[in-house]
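Numbering (the working numbering), first residue to last: 752 to 818.
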């Protein structure tokens with residue numbers, strides 16, 4: 752991951768880097784890897800995330816269609 756520093760503005764470059772890392776999911780990955788997660792817990796978490804994503808998609812689709 753690369754961010755350019757313009758006009759010696761390091762603060763702006765840091766903000767851009769943090770935003771990129773957030774979008775890529777680096778912070779979330781670090782949080783998940785902080786502690787060991789049992790395979791059964793991982794499967795349950797991933798299934799719950801998939802359900803959440805699907806519900807959000809359906810909610811947005813219904814909103815677009817005017818229901």
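For glycine and all other residues, C-beta sits at the position ideal for the given N, C-alpha and C.
Annotation: the continuous alpha helix (DSSP H) that includes residue 773 extends over 761-775. Contact check for residue 777 against residue 767 fails: the beta carbons are separated by 8 Å or more. Residue range 790-816 is occupied by the alpha helix (DSSP H) that includes residue 813.
Apart from sequence neighbours up to five positions away, no residue of its chain approaches residue 802 with a beta-carbon distance below 7 Å.
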